[in-house]
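These notes are about the structure you will find just below.
Numbering (the numbering used here), first residue to last: 628 to 763.
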């Protein structure tokens, strides 16, 4: 019986310590980082006989920090993407593009500077529907 009491007292002490630790605030916080994304696109014909067109888009991403609420304080990323578009088939477009993605260091947030260069090949297929198109 004495041994049973010791086990109950030990479990009660362990449970009490776990409950008291559970009431402490976590060592981290969740906050809001204001950000802004601006994007511009332009499309233009290149060679109509071959059904070639071009497109270019630019994206600018800026951000603030946990302390400042200005979403334009830091430039986080600039992306430039030129595209060649081939649309000779009825419901298919083929895309060939290049993406230059320059990410800048934002020391206050722990972001580091990187440069990504990507070659992009993709296609889109559209289905004619009674009230519009579906793109896949």
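Here a beta-carbon is modelled for each residue, glycine too, at the ideal position from N, C-alpha and C.
- Residue pairing by DSSP puts residue 712 in a beta bridge opposite 680, 722.
- Residue 712 is positioned such that its CB atom lies no closer than 8 Å to that of residue 727.
- In its chain, beyond the 5 residues on either side, 684, 724, 726 have a beta carbon closer than 6 Å to the beta carbon of residue 708.
- Put simply, of 697, 663, 677, 662 the residue whose alpha carbon is nearest the alpha carbon of residue 721 is 677.
- Taking the C-beta atoms as reference points, residue 670 is found no nearer than 8 Å to residue 686.
- A residue is called buried once 16 or more other Cβ atoms fall within 10 Å of its Cβ, and residue 701 is buried on that count.
- In the structure shown, residue 732 adopts coil according to DSSP, grouped into three states.
- In the structure shown, residue 657 adopts coil according to DSSP, grouped into three states.
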